[in-house]
Amino acid sequence: MMIDSSPPLLNHYGELSRLPPQIPTPERNDLPNGRVLMEEYCQLPLIDLSFLNSTNERERLACAEAICRASSEWGFFQVVNHGINPELVRNMRREQVKLFQTPFDKKATCGVLNNSYRWGTPTATCPKQFSWSEAFHIPISKVSEQTCYGEFSSLREVMMEFAAAMLKLAMLLAGVLAENLGHPRGVFENICQESNCFLRLNRYPACPISAEIFGLVPHTDSDFLTVLSQDEVGGLQLMKDSRWVAVKPNQDALIVNIGDLFQAWSNDVYKSVEHKVMANGKMERYSIAYFLCPSYDSLIGSCREPSMYRKFTFGEYRSQVQDDVKRTGRKIGLPRFLL
Numbered sequence: 038m039m040i041d042s043s044p045p046l047l048n049h050y051g052e053l054s055r056l057p058p059q060i061p062t063p064e065r066n067d068l069p070n071g072r073v074l075m076e077e078y079c080q081l082p083l084i085d086l087s088f089l090n091s092t093n094e095r096e097r098l099a100c101a102e103a104i105c106r107a108s109s110e111w112g113f114f115q116v117v118n119h120g121i122n123p124e125l126v127r128n129m130r131r132e133q134v135k136l137f138q139t140p141f142d143k144k145a146t147c148g149v150l151n152n153s154y155r156w157g158t159p160t161a162t163c164p165k166q167f168s169w170s171e172a173f174h175i176p177i178s179k180v181s182e183q184t185c186y187g188e189f190s191s192l193r194e195v196m197m198e199f200a201a202a203m204l205k206l207a208m209l210l211a212g213v214l215a216e217n218l219g220h221p222r223g224v225f226e227n228i229c230q231e232s233n234c235f236l237r238l239n240r241y242p243a244c245p246i247s248a249e250i251f252g253l254v255p256h257t258d259s260d261f262l263t264v265l266s267q268d269e270v271g272g273l274q275l276m277k278d279s280r281w282v283a284v285k286p287n288q289d290a291l292i293v294n295i296g297d298l299f300q301a302w303s304n305d306v307y308k309s310v311e312h313k314v315m316a317n318g319k320m321e322r323y324s325i326a327y328f329l330c331p332s333y334d335s336l337i338g339s340c341r342e343p344s345m346y347r348k349f350t351f352g353e354y355r356s357q358v359q360d361d362v363k364r365t366g367r368k369i370g371l372p373r374f375l376l
């Protein structure tokens, strides 16, 4: 008997759609790889971070300007020569795959990684609110604790090294963005300490019912900055000029996007852009996201006047988001805090 590592996503989706959990006939516009014919791939800004260390001042300034322009115009960009060892990324992916290949029942009950395992969308009341995915959403404060790992002890050292490297990169980028607004590069060092941040390991199982199913529902990120490492499968889409555009995977690059807190702090200079993941009909997808966050009692205010948003704590923001999702089925986010 084959033991399934995937959660019962099809059953849950079937209940939401009030249909028996069966596999329907593929749609006529399904492509051979299980995707539907859709919008074009976007040319996401690609920035070589090695120029931040150039001896040429013009090159350093041009690189910083490219980061800030992409954060303002796109809210998303890719970085290469980012300082994270490719071997470390490969090791982290290998450990991630090993973790997700564990039987579902064991993942759901063993309490590994601070009981951070989740799947689907528990709050969903209809199919469009459902995410065809599973994840471990891990507080960085727990990453070093040996008791968190159980039998997955080989994951600990790799995850600690990976999280530290992602924090260093996130802080570098946040510093560049802060400096552009007249603040010192180190302004976030006390605000976004490592223990406040999160690492999310994502797996999007192949979805047999439709390429129009969300792997992850449309949303913005409730943090300052997100750094994403993804595999070659693709599926990430973002909102640009009022339409969805797909991001073509680049194995040499990491993806960076602005979160809600940075948009509020920058007074809308930088944009937290809605994005989603589309499920794939044939292939599973893996990604790892690092979320740069403040402490829950950190007060978020705009760094420019007149402010567009009232001041709020990160804890208040998270609570409001969770309440909105529970009541309405979707995140409302920053509009709740407009003045």
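In our numbering, the protein residues as written are 38 to 376.
Built from N, CA and C at the ideal position, the CB exists for glycine as well.
Note that this is a predicted model, so its numbers are computed, not measured.
*Identify, in the order they occur along the chain, each residue of the same chain with its Cβ nearer than 8 Å to the Cβ of Ile250, setting aside the five sequence neighbours on each side.*
Excluding sequence neighbours, Ile250 sits near Tyr50, Pro164, Phe167, Trp169, Cys244, Met315, Ala316.
*Residue nearest to Lys363 in terms of C-alpha spacing, selected from Ala99, Gly219, Thr158, Ser335*: Per the Cα distances, Thr158.
*asked:* Per the DSSP calculation, Ser266 is bridged to which residue(s)?
replied: Partner(s): Ile325.
_Through-space distance from Glu311 to Ala301, alpha-carbon basis_ = Computed Cα separation, rounded: 15 Å.
*Host alpha helix (DSSP H) of Pro123 (start-end)*: Its alpha helix (DSSP H) spans residues 123 to 137.
*asked:* Using the Cβ count rule (16 or more neighbours within 10 Å means buried), how would you classify Gly223?
replied: By the neighbour-count criterion, in which 16 or more other beta carbons inside 10 Å mark a residue as buried, Gly223 falls on the exposed side.
*Candidates Leu86, Ile292, Thr162, Leu371: closest to Glu269 by CA position*: Of the residues Leu86, Ile292, Thr162, Leu371, the one whose Cα lies closest to the Cα of Glu269 is Ile292.
*With a Cβ-Cβ cutoff of 8 Å, do Gly370 and Asp305 count as a contact?*
Cβ distance not < 8 Å, so Gly370 and Asp305 don't count as in contact.
_Closest by C-alpha distance to Trp111, when choosing among Glu94, Asn294, Ile337, Ala201_ = Trp111 has its Cα closest to that of Asn294, out of Glu94, Asn294, Ile337, Ala201.
*His119 to Ser91 span [Cα, whole Å]*: Cα-Cα distance, rounded: 13 Å.
*At 4 residues or longer, and completely inside the region 210 to 283: list those alpha helix (DSSP H) runs for me, N to C.*
With a minimum length of 4 residues, no continuous alpha helix (DSSP H) run stays inside the region 210 to 283.
*Are at least three pairs of beta-carbons, each pair with one atom in the region 79 to 95 and one in the region 114 to 134, less than 8 Å apart?*
Contact holds: three or more Cβ-Cβ distances are below 8 Å.
*Quick one: any contact between the region 273 to 285 and the region 177 to 188, if contact means 3 or more CB pairs under 8 Å?*
No, the region 273 to 285 does not touch the region 177 to 188.
*Quick one: give me the first and last residue of the alpha helix (DSSP H) that Gln359 is part of.*
Its alpha helix (DSSP H) spans residues 351 to 365.
_Considering just the uninterrupted stretch of the alpha helix (DSSP H) at Lys144, what are its terminal residues?_
For Lys144, the enclosing alpha helix (DSSP H) stretches over residues 141 to 146.
_Cβ contact check for the region 97 to 106 and the region 252 to 269: 3 or more pairs under 8 Å_ = Counting Cβ pairs under 8 Å, fewer than three are found: no touch.
*Reducing DSSP to helix, strand and coil, say where Leu74 ends up.*
Confidence in Leu74 is poor, its pLDDT being 44 and thus under 50, which makes the residue's placement unreliable; the coordinate value appears in the next sentence. Note: Leu74 maps to coil in three-state DSSP.
*Could you pull the start and end residues of the beta strand (DSSP E) that Arg155 belongs to?*
Element bounds for Arg155: 154 to 156.
*Exposed or buried, which one is Leu336 when buried takes at least 16 other CB atoms within 10 Å?*
By the 10 Å Cβ count, Leu336 comes out exposed.
_What would DSSP say about Pro61, mapped onto helix, strand or coil?_
Here Pro61 scores only 40 on pLDDT, less than 50, and its place in the model is too uncertain to base an answer on.
*Just the C-alpha distance for Glu52 and Ile246, rounded to the nearest angstrom, thanks.*
About 14 Å.
*Between the region 347 to 356 and the region 277 to 285, do at least 3 Cβ pairs fall closer than 8 Å?*
No, they do not touch.
*When you compare only the Cα positions, how much space is there between Ala211 and Ser303?*
A direct Cα-Cα distance of roughly 11 Å separates Ala211 from Ser303.
*DSSP three-state call for Pro28: helix, strand or coil?*
For the chain, the structure presents residues 38 to 376; residue 28 sits outside this window and is missing.
*If you run the structure through DSSP and keep just helix, strand and coil, what is Cys100?*
When secondary structure is reduced to three states using DSSP, Cys100 falls in the helix class.
*Starting from the Cα of Arg367, find the closest Cα among Val358, Leu375, Arg373 and give me that residue.*
Looking at the Cα atoms, Val358 is the closest of the given residues.
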